[in-house]
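Some notes on the structure that comes next.
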Amino acid sequence: MSAPPATPARPAVGPKERRGPGRFRRRWYRLAIPAAVFASLVVATLVAWSAETPSLADPQVLTPTGAGPDGSSQLAERLAAEGVRVEFVTDRGEADTALRRDGAAVLFVPKPTIEAAQLVRTQYWRAEGDRVVLVAPSPAELWWSGLPARYQPSRWAARAAPPECEVPEAVAAGPAAVERRRYSAPDPAGICYGGGLVRVGDSGSEAFVVGASDPFRNDRIDEAGNQRLALELLTGRDRVIWFDALAAEPAEAPPPADPESEPEPRSRGELDRSGGNAFAGLVNGYPAGVLAGLTLALLLAVLVAVARARRLGAPVREPLPVSVPAVEAVVGRGRLYHRSRGRAAALRTLQAAAVERLARGLGLPSAPERAAVVAAVSAHCGMSSAEVERRLYGPAPASDEELTSAVAAVDELVATVAPRAGDDRSGPNHFERS
């Protein structure tokens, strides 16, 4: 008889070679998951911020007739109660004409544009006793206005701050929510609210640059000293020229091909919101809160899908790609139980395995009744039925020490019953402890 051919020995796999890909995946998860959470927080913050920020292209935002939360109808009513006449104009020429008649006035620009900034430049340097109030201009708009002020680093949202200056309008108002965009001026005495309000010029021609629109909006005017500050700024003269270039009507469109149909005129704000794009017009038809809610719901659905083990749908049973030794499987399962503090599940698993092995060794049918197992085991080992039931069907342990004691008791019971049941360790029904 010839000897069987020798099987070539498989090269040993080192720890680094065996665990390299797994360690790489774990490191990738440790980097990717925090990055994904951070990105989700950034997206949620941006969505919430955009929902809270009014769109200046909306014709009802910061206008004396706007009755919504971002309108200024309450401010217009309180100005009228103070005896100040409000003139709402949307054309630069009309605004310039209104400023030249009937004495000094306040030029109020709540929605700055380049066109409005050019009007501010003309009016400020005219030096006829007028006042300019410019709300939250960008660096480009501030440069075009020609005001001796500079743009500074800004905040995400406006906050109420004390005036901390000697400007009479700010001192009379007290704390107000204007510190969002910040500005600086040549004279430090004219800087209030940490840069949220800047006064430049003199009594002959003065200008105020306000860092936030909160004091002029219906939903913020009653907070802190917002109302008082808005009235102090706008009641310095008998008239307020309220200039809104974004609400101006566009130039006439060419005549339609069908003489019987006349296109309905649209404001410049409507054209800016849609941009001539049908999809953009459809999206802008929904309130900002609805779009923000849908975006956050979509983000939440993505996070839930990632949390549910990186797949959509129920888990699928798949065969293992390699053979896993029993010892590694047992140790791995034990570590999972230990990490999740699953003492009850671990003990139930061991008790179920012990009952199954005892039933096979004692000749009991498959899935035997609890009473039958207790009676058979008690008869073979001479142990009381109560003790056998406690070991095989006892309560869940409350600590690791109780779990260790319960496992030892189950192992002792199996080892005690095995010789009396005629256990054959070479057969399929042996009680070998692993």
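The UniProt record's numbering puts the first residue of the sequence shown at 1, with every later residue one more than the last.
Beta carbons are placed, not taken as given, at the ideal position from N, Cα and C, and that holds for glycine.
Remember, predicted model here, so these are calculated numbers, not experimental data.
*asked:* In the DSSP output, what is Ala207 paired with across the bridge?
replied: Within the sequence shown, the letter at position 207 stands for residue 207. The secondary-structure analysis by DSSP pairs Ala207 across a beta bridge with Val132 and Val200.
*Throw me the rounded Cβ distance for the Arg217 and Ser72 pair, which I believe falls under 8 Å.*
Numbered from 1 along the sequence shown, position 217 holds the residue referred to as residue 217. Numbered from 1 along the sequence shown, position 72 holds the residue referred to as residue 72. Taking C-beta atoms under 8 Å as the contact rule, Arg217 and Ser72 qualify, at a distance of about 7 Å.
*Determine the burial state of Thr65: buried for a count of at least 16 other Cβ atoms within 10 Å of its Cβ, exposed for fewer.*
Along the sequence shown, read from residue 1 onward, the residue named residue 65 stands at position 65. It is exposed - the Cβ of Thr65 has fewer than 16 other Cβ atoms within 10 Å.
*Assign Val302 to buried or exposed, taking buried as 16 or more other Cβ atoms, counted over all protein chains shown, within 10 Å of its Cβ.*
Position 302 of the sequence shown, counting from 1, holds the residue named residue 302. Counting Cβ neighbours within 10 Å, Val302 comes out exposed, since fewer than 16 surround it.
*Sheet register partners of Leu107 (DSSP bridge)*: Reading the sequence shown from its first residue, position 107 is the one you call residue 107. In the DSSP assignment, Leu107 forms a beta bridge with Val132 and Ile241.
*Measure the Cβ-Cβ separation of Ala176 and Ala224 and say whether it is below 8 Å.*
Looking up residue 176 in the sequence shown gives position 176. Looking up residue 224 in the sequence shown gives position 224. For Ala176 and Ala224, yes; Cβs fall inside 8 Å.
*Give the single residue among Trp156, Glu166 and Asp244 whose Cα lies nearest to the Cα of Thr113.*
Here residue 113 refers to the residue found at position 113 when the sequence shown is read from its first residue. The candidate whose alpha carbon is nearest that of Thr113 is Asp244.
*What is the DSSP secondary structure of Val417, counted as helix, strand or coil?*
Start at 1 with the first residue of the sequence shown, and residue 417 comes out as number 417. Residue state, collapsed to three classes: helix.
_Need the endpoints of the beta strand (DSSP E) that Gln74 sits in, please._
For this step, residue 74 is matched to residue 74 along the sequence shown. Where Gln74 is concerned, there is no enclosing beta strand (DSSP E), although the alpha helix (DSSP H) around it starts and stops at Ser73 to Ala81.
*asked:* For the pair the stretch 315-331 and the stretch 365-381, tell me if three or more CB-CB distances fall below 8 Å.
replied: Output reads no: the stretch 365-381 does not touch the stretch 315-331.
*Who are the Cβ neighbours of Thr349 in its own chain at under 7 Å, not counting the five residues just before and after it?*
Counted from its first residue, the sequence shown places residue 349 at position 349. Closer than 7 Å at Cβ, skipping near neighbours: no residue.
*Consult DSSP for Val388 and reduce its assignment to one of helix, strand or coil.*
The residue given as residue 388 occupies position 388 in the sequence shown. Residue state, collapsed to three classes: helix.
*asked:* Going by the DSSP bridge assignment, what does Ser184 pair with across the sheet?
replied: As a first step, residue 184 must be located in the sequence shown, where it is residue number 184. According to DSSP, which records beta bridges pairwise, Ser184 is partnered with Arg150.
*Would you please state the rounded distance, in angstroms, between the beta carbons of Arg78 and Leu299? I believe it to be under 8 Å.*
As a first step, residue 78 must be located in the sequence shown, where it is residue number 78. As a first step, residue 299 must be located in the sequence shown, where it is residue number 299. That belief does not hold up - the Cβ atoms of Arg78 and Leu299 are roughly 41 Å apart, past 8 Å.
_CB of Gly196 within 8 Å of CB of Arg220, strictly_ = Locating residue 196 in the sequence shown gives position 196, where the first residue counts as 1. Locating residue 220 in the sequence shown gives position 220, where the first residue counts as 1. Their beta carbons are not under 8 Å apart, which means Gly196 does not touch Arg220 by this criterion.
*DSSP state of Glu179, grouped into three classes?*
Start at 1 with the first residue of the sequence shown, and residue 179 comes out as number 179. DSSP, read as helix, strand or coil, puts Glu179 in strand.
_Beta-carbon contacts of Asp70 that lie in its chain and below 6 Å, excluding the five residues immediately before and after_ = Your numbering for residue 70 matches position 70 in the sequence shown. Once the five neighbours on either side are set aside, the close Cβ partners of Asp70 are Pro54, Val61 and Arg217.
*Backbone secondary structure at Cys192 - three-state DSSP*: Numbered from its first residue, the sequence shown carries residue 192 at position 192. If DSSP states are grouped into helix, strand and coil, Cys192 belongs with the strands.
*Local conformation of Ala224 per DSSP, three classes*: Here residue 224 is taken as the residue at index 224 of the sequence shown, counted from 1. Assignment of Ala224 by DSSP, reduced to helix, strand and coil, places it in the coil class.
*May I ask which residues mark the beginning and end of the beta strand (DSSP E) holding Ala161?*
In the sequence shown, residue 161 corresponds to position 161, counting from 1. Ala161 -> beta strand (DSSP E) spans Arg159 to Ala161.
*asked:* On the CB-based measure, 16 or more other CB atoms within 10 Å of its CB, does Gly427 come out buried or exposed?
replied: On the sequence shown, position 427 is the one that residue 427 refers to. Confidence is the limiting factor: at Gly427 the pLDDT is only 40, short of 50, which leaves the residue's position unreliable and the question unanswerable from this model.
*Have a look at Tyr124, Ser154 and Ala398 and flag the residue whose alpha-carbon is nearest the alpha-carbon of Arg341.*
Locating residue 341 in the sequence shown gives position 341, where the first residue counts as 1. Ranked by Cα distance from Arg341, the first of Tyr124, Ser154 and Ala398 is Ala398.
*asked:* Please state whether the Cβ-Cβ distance between Val210 and Ala136 is less than 8 Å.
replied: Translated into positions along the sequence shown, residue 210 becomes position 210. Translated into positions along the sequence shown, residue 136 becomes position 136. Yes, the pair counts as a contact, with Cβ atoms nearer than the cut-off.
*At what residues does the beta strand (DSSP E) containing Val120 begin and finish?*
If you number the sequence shown from 1, residue 120 lands on position 120. Annotation: Val120 is outside any beta strand (DSSP E); the continuous alpha helix (DSSP H) that includes it extends over Ile114 to Arg126.
*From Ala278 to Arg228, what distance separates their C-alpha atoms?*
Within the sequence shown, numbered from 1, the residue matching residue 278 stands at position 278. Within the sequence shown, numbered from 1, the residue matching residue 228 stands at position 228. Model confidence at Ala278 stands at a pLDDT of 47, short of 50, so the residue's coordinates are unreliable; what they give is reported in the following sentence. So the alpha carbons of these two residues sit roughly 43 Å apart.
*For Gly361 and Val417, believed in contact at Cβ under 8 Å, the rounded distance*: Here residue 417 refers to the residue found at position 417 of the sequence shown. Here residue 361 refers to the residue found at position 361 of the sequence shown. Confirmed, about 7 Å.
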